[in-house]
Amino acid sequence: METVIEKSANITNEVIKESFPVTGMTCAACASSVESMISNTPGVTMASVNFATNSVLVEREKSVTSEMLRQAVQAIGYDLIVDEVDPSAKQEELQQKHYKDVKNRTIWSALLTLPVFIIGMFFMEWNEGRWISLTLTIPILFWFGRNFYINAFKQAKHGKANMDTLVALSTGIAFIYSLFNTLFPEFWHSKGIHPHVYYEAAVVIITFISLGKLLEEKAKSNTSSAIKKLMGLQPKTLKALIDGEEVEIPISSVQVGYTIIVRPGEKIPVDGEVIKGESFVDESMITGEPIAVSKSTGDKVFAGTINQKSSFQFRAEKVGGETLLSQIIKMVQEAQGSKAPVQKLVDKIAGIFVPIVVGISIVTFITWMLVGGDNAFTQALLTSVAVLVIACPCALGLATPTAIMVGVGKGAENNILIKDAESLELAHKVNAVILDKTGTITEGRPVVTDMIWGTHDSDVQRSTEILLGMEAVSEHPLAEAVVNKLKEDHIEAAEVSSFESITGRGVKAVSGDVMYYVGNRKLISENNISISLTLNQNAGSLQQEAKTVIYFANEHQVLAVLAIADQVKSSSKKAIQTLQDRDIDVYMLTGDNHQTAGAVAEQVGLKHFKAEVMPSEKADFVKELQAQGKVVAMVGDGINDSHALAQADVSIAMGKGSDIAMDVAKMTLITSDLMSIPKALNLSTKTVMGIRQNLFWAFIYNLIGIPIAAGVLYPFNGFLLDPMIAGAAMAFSSVSVVANSLRLKASKL
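This is the structure:
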């Protein structure tokens, strides 16, 4: 995550608000510990840890130094990155190093686990095999899997338990019991009991859980890419007029009032006002609209937007963190950071389950020591170990990831790419969907929808060729739509001369000694060109449909009217209706004008829409709905949607949209078909149902098996559950979980 340092000093208490990268966190409980430790530091007024981005936002008095915060965090085994020139780069370097470390540990664990598993399952009576398994198990548990034990110890220090606790406890007990049986088999032989070992159970658990950790780290290592790409929209240097000379300076050196020069194709570096020249600027990153905006003296320009046609000069008005682009970056970061870390369901269960299992195991041991008679210790040890083995977390650990993996694969088959398991788990609760207009509901590019010719034009073919000849040399953004349409119709361009662009009106040119005009209604009126009643009525009807109308005329009369619009996708209406039929409120937000927004909303059957909306207002609307208790899905495709996507509970990007929108969003639709949205919600419903079923299978064996392992049947029929049978029951519960997850592959969305 790019670190934002926001210092707002106030004379009375001088409060500093600062964000620090955190290292060493491996679970939501770690984040909670870091947050608690910093919050309890004297002089700290607020601390908020974001586990997803490995950062903490701290509000503190000036007397509290960053080193003091670092020492507080180091006391519980974590660290803060402070006093670095580029802390985000340092954090990314550490994240990549940690990811490689987890990857190497997982690969080595898997390689060493395979022979242990084969020996344990197929050569269990091979005496030498026990020693081979022991030799291979030690590095798997205590080197490649050491973090499970370290993290479990950290949790225990704070009186907490999570998945790591359950993994460490069950694998540790299984190893110690197996080690004793390998070193001292005669202890059991003297009591007429055959000693079994459970090395394979311990190593398989470590390897499976390590694989899950690896997938999680891979997802987390990519969290900063959206912010980096947003920052990449701002050029590193710019050209400014200083003492009448053009000088290239770093963007960090620019000051308010500087005169800045922007040439065609260059990104505008800071916010300002045009003072010389005119051009068209692509502002889609702000408005989402595909048509470039005309800029002339007095018009505002914004950092990150792209100059398209001509050079111009502007006066810098907002620089550094004050620019609109910087505000978007900051808002995206805050939206990502504002989400409380979601405690994994398995961790929640483990927090309750671990103490209960340990308690049952201890009670079982004590009970058998009291009532076991001559073989009290033997029976107490066997039953207490059987309780811990049958409570092994292998099925519990597989319950969520197997369902998620199958769900993600099923999504990919249906053109839905899912980057974040949390979104897949949450999407079934969505009851409000916000759709961006341009590129989401519509195609996202202007096209000619209508071309109506006057009956008085006897040579439409010739006139069409002249129209193409004029538009082919025009720099107006809408000219490209006309050119594309006419070329599709296989029209050849006529040669034109004396071409002239008239700012804010259109263009004119000569062909065959006749002056022709292409432009808006003002151009026609100012040149006293007549228009027939029929064409005039047609133009009015097209404007009512919120289409942009262009007039093509000669010196005397209008020859044709053309309508240009961003067309609605064929699937939009059906998708919106499907969502509404599920009692989901659907909203459209757009930076476009109210008339165009209203026309599109009516066309697709939308009841709720807002027009002329800025990027921050989109995110504010998401917050409004969330404040009403709604679970909000945001669907967008542009940079202007990135803040709202980061704020939403479930974020969905269109695959043909900007890279930044796809990086921020947790789901991406490869296709432009909006019917993928209800499919994604259906997929979430089925996946969550699979997770719940898996948890049932994971626990049903425990609910039945733990009492039997503890010996409740012994007074009735003398039956004691052998730890080997307990291990088999544990393995069968894992098979049940995997088989149930695979059922999702055959289901229809």
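Going by our numbering, the first residue of the sequence shown is number 17, and it counts up by one from there.
Where a beta carbon is used, it is the ideal one built from N, C-alpha and C, also for glycine.
Note that the structure is predicted; figures quoted are calculated from it, not measured.
Local conformation of residue 209 per DSSP, three classes: Here residue 209 sits in coil by DSSP.
Report all residues from its chain with a CB closer than 7 Å to the CB of residue 543; omit the five preceding and five following residues, and keep chain order. Taken in chain order, the residues that qualify are 533.
What do you get for residue 273, buried or exposed, if any count of 16 or more other CB atoms within 10 angstroms of its CB means buried? Burial check for residue 273: the Cβ neighbour count within 10 Å stays below 16, so the residue is exposed.
Residue interval of the beta strand (DSSP E) (run including residue 684): For residue 684, the enclosing beta strand (DSSP E) starts and ends at 683-685.
Return yes when the Cβ of residue 190 is within less than 8 Å of the Cβ of residue 218, no when it is not. Taking 8 Å as the Cβ cut-off, residue 218 and residue 190 qualify as a contacting pair.
Span of the beta strand (DSSP E) holding residue 331? It spans 328-334 - the beta strand (DSSP E) in which residue 331 sits, taken as one unbroken run.
Drop a sphere of 10 angstroms on the beta-carbon of residue 621, count the other beta-carbons inside from all chains shown, and report buried for 16 or more, exposed for fewer. Classification for residue 621: exposed.
If you compare alpha carbons, which of 469, 707, 125 is closest to residue 226? Taking each of 469, 707, 125 in turn and checking the Cα distance to residue 226, the smallest one comes out for 125.
Give me the Cα-Cα distance between residue 717 and residue 56, rounded to the nearest whole angstrom. Pairing residue 717 with residue 56, the inter-Cα distance amounts to about 42 Å.
Measuring CB to CB, does residue 35 end up less than 8 Å from residue 82? One thing to note: residue 35 has its Cβ no nearer than 8 Å to the Cβ of residue 82.
Is the distance from the Cβ of residue 591 to the Cβ of residue 691 below 8 Å? Going by C-beta atoms, residue 591 is nearer than 8 Å to residue 691.
Identify the residues that DSSP records as bridge partners of residue 77: which are they? Among the bridge pairs identified by DSSP, residue 77 is matched with 31.
Could you check whether the segment 495-512 touches the segment 582-590, counting it as contact only if at least three pairs of C-beta atoms, one from each stretch, sit closer than 8 Å? Contact between the segment 495-512 and the segment 582-590 is absent, because fewer than three Cβ pairs lie under 8 Å.
Look up residue 524 in the DSSP assignment and say whether it is helix, strand or coil. If DSSP states are grouped into helix, strand and coil, residue 524 belongs with the strands.
Within 8 Å, strictly: CB atoms of residue 213 and residue 194: Residue 194 sits close to residue 213, with the two beta carbons spaced by under 8 Å.
Below 8 Å on the Cβ atoms is my guess for residue 376 versus residue 403; work out the distance and round it to an integer in Å. Between residue 403 and residue 376 the Cβ distance is about 6 Å, and since that is below 8 Å, they are a contact.
Taking C-beta to C-beta, are residue 215 and residue 136 nearer than 8 Å? Judged by beta-carbon spacing, residue 136 lies within the 8 Å limit of residue 215, meaning their Cβ atoms are closer than that value.
What is the DSSP secondary structure of residue 757, reduced to helix, strand or coil? Residue state for residue 757 is assigned as helix, using DSSP reduced to three classes.
Have a look at 608, 447, 548, 583 and flag the residue whose alpha-carbon is nearest the alpha-carbon of residue 596. Nearest of 608, 447, 548, 583 to residue 596, Cα basis: 447.
In whole angstroms, what separates the C-alpha of residue 722 from that of residue 203? If I take the Cα positions, the gap works out to 25 Å.
Between 275, 254, 276, 258, which has its C-alpha nearest residue 266's C-alpha? Comparing Cα positions, the closest option is 254.
For residue 724, does the count of other Cβ atoms within 10 angstroms reach 16, so buried, or fall short, so exposed? Buried: at least 16 other Cβ atoms inside 10 Å.
So, at 6 Å on beta carbons, what are the nonlocal neighbours of residue 640 in its own chain, with the 5 sequence-adjacent residues on each side left out? Counting only residues of its own chain and dropping the five nearest sequence neighbours on each side, residue 640 has no CB closer than 6 Å to any other CB.
DSSP three-state assignment for residue 461, whether helix, strand or coil: Correct three-state label for residue 461: strand.
Close beta carbons around residue 165, own chain, < 6 Å, minus the five adjacent residues each side: Counting only Cβ-Cβ distances below 6 Å, and skipping sequence neighbours, we find 184.
Taking residue 648 and residue 642 to be in contact with their CB atoms under 8 Å, please state how far apart those CB atoms are, rounded to whole angstroms. The pair is a contact, with the Cβ atoms about 6 Å apart (cut-off 8 Å).
Can you tell me which of 615, 489, 758, 499 puts its alpha carbon nearest to the alpha carbon of residue 513? If we check each option's Cα against that of residue 513, 489 comes out closest.
Is the beta carbon of residue 11 less than 8 Å from the beta carbon of residue 309? Because the chain spans 17 through 765 in this model, residue 11 falls outside it and cannot be assessed.
If we call anything under 8 Å between Cβ atoms a contact, is residue 86 one with residue 74? No.
Contacting residues, own chain, Cβ-Cβ under 8 Å from residue 356 (five flanking each side not counted): Bear in mind that the predicted position of residue 356 carries a pLDDT of just 38, short of 50, making it unreliable; the figure below should be weighed with that in mind. For residue 356, there are no CB contacts under 8 Å within the same chain when 5 residues up- and downstream are skipped.
Anyone know if the C-beta pair for residue 31 and residue 41 falls short of 8 Å? Not closer than 8 Å, so no.
Per-residue DSSP class, three states only, for residue 264: DSSP places residue 264 in strand when its eight states are reduced to three.
Sort out for me which residues DSSP pairs residue 670 with in a bridge. According to DSSP, which records beta bridges pairwise, residue 670 is partnered with 685.
State buried or exposed for residue 132, treating a residue as buried only when at least 16 other CB atoms are found within 10 Å of its CB. By the 10 Å Cβ count, residue 132 comes out buried.
Unbroken stretches of the alpha helix (DSSP H), 4 residues or longer, contained in the segment 471-551: 476-489, 495-504, 537-542, all fully within the segment 471-551.
Selected residue, minimal CA-CA separation from residue 159, among 337, 520, 283, 128: For the residues 337, 520, 283, 128, the minimum Cα distance to residue 159 belongs to 128.
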